[in-house]
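Numbering (the working numbering), first residue to last: 532 to 706. Okay, so here's the structure we're looking at.
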Amino acid sequence: MNQKKSDSTPVTIRSTTWSDLPAVMQAYEYARALMRAQGNTTQWTNGYPSEALIRSEIDACHSFVCTDRKGELLGTFCFITGEDPTYVHIYEGAWLNDEPYGVVHRLATNGKQPGIGKACLDWCAARCQNLRIDTHQDNLLMQHLLEKQGFKRCGTIYVADGTPRIAYQRRNSSH
Numbered sequence: 532m533n534q535k536k537s538d539s540t541p542v543t544i545r546s547t548t549w550s551d552l553p554a555v556m557q558a559y560e561y562a563r564a565l566m567r568a569q570g571n572t573t574q575w576t577n578g579y580p581s582e583a584l585i586r587s588e589i590d591a592c593h594s595f596v597c598t599d600r601k602g603e604l605l606g607t608f609c610f611i612t613g614e615d616p617t618y619v620h621i622y623e624g625a626w627l628n629d630e631p632y633g634v635v636h637r638l639a640t641n642g643k644q645p646g647i648g649k650a651c652l653d654w655c656a657a658r659c660q661n662l663r664i665d666t667h668q669d670n671l672l673m674q675h676l677l678e679k680q681g682f683k684r685c686g687t688i689y690v691a692d693g694t695p696r697i698a699y700q701r702r703n704s705s706h
């Protein structure tokens, strides 16, 4: 019988190190394969995200990993606070507010433990009450995760290559 680990299994989120790079790239490879299997054949093509991009995010301290208590990498993402040029213009809708925000990009897991996407989003929300994220129209798994985590679909943005993405935002209430 296939047993799943509990979503409450302790994880650690920390800055990505150079030694994490092979496992980070494996997580992106897993995510690309999963997207293809789910019918999302046009997102993250041609080796995107590249190792050069991830290296630049490590240098900029924007790349993070999620590990289990043994140190095994389970997921990765980019988190940046501040204005994202891609989000300046939104179409067919509007952002929830114009307050400062954090952005989550390129969230991926290696599929070994459920709940990692939620853990990463929760970590970001603990650092910034106002979050924005976007995803491809064919990425139904990410859309489901975002909606389950309280993100609101706000409209459409266009990424650097001119293709559209569904824009989401979540504003956490202060405790």
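Where is the CB? At the ideal position from N, CA and C, for every residue including glycine. Small disclaimer: the values here were computed from a predicted structure and weren't measured.
Check: In angstroms with no decimal places, state the Cα-to-Cα distance between ALA625 and ARG696.; Outcome: 14 Å
Check: Rank ARG563, ARG663, LYS643 and GLN644 by C-alpha distance to the C-alpha of LEU652 and give the top, closest one.; Outcome: ARG663
Check: Using only the alpha-carbon positions, how far apart do THR543 and ALA568 sit?; Outcome: 29 Å
Check: Between which two residues does the beta strand (DSSP E) carrying ALA698 extend?; Outcome: 695-702
Check: Counting only runs of 3+ residues fully inside the stretch 543-628, write out the beta strand (DSSP E) ranges in chain order.; Outcome: 594-599 and 604-612
Check: Throw me the rounded Cβ distance for the ASN661 and ASN571 pair, which I believe falls under 8 Å.; Outcome: That pair is no contact at about 27 Å.
Check: Please report the residue range of the beta strand (DSSP E) in which ASP653 lies.; Outcome: Here ASP653 belongs to no beta strand (DSSP E); instead the alpha helix (DSSP H) covers 647-658.
Check: With the cut-off set at 7 Å, would you say ARG658 and PHE682 are in Cβ contact?; Outcome: no
Check: How far does the alpha helix (DSSP H) with HIS757 in it extend, from its first residue to its last?; Outcome: Given a span of 532 to 706 for the chain in the structure shown, any question on residue 757 remains unanswerable.
Check: Any idea which residues DSSP pairs ASN661 with across the strands?; Outcome: ARG702
Check: Under the rule that 16 or more other beta-carbon atoms within 10 Å means buried, what is HIS593, buried or exposed?; Outcome: buried
Check: Shortest alpha-carbon distance to ASN577 belongs to which of ASP590, CYS609 and ASP692?; Outcome: ASP692
Check: Between the Cα of PRO553 and the Cα atoms of GLU603, ALA591, VAL690 and ALA698, which residue gives the shortest distance?; Outcome: GLU603
Check: Expressed to the nearest angstrom, what Euclidean distance is found between the alpha-carbon atoms of GLN674 and GLN557?; Outcome: 22 Å
Check: Under a three-way DSSP split, which group does LYS679 fall into?; Outcome: helix
Check: Which same chain residues, not among the five before or five after VAL596, have their C-beta less than 6 Å away from its C-beta?; Outcome: THR547, ASP551, LEU604 and THR607
Check: Can you grab the Cα-Cα spacing for the pair THR573 / PRO580, in whole Å?; Outcome: 13 Å
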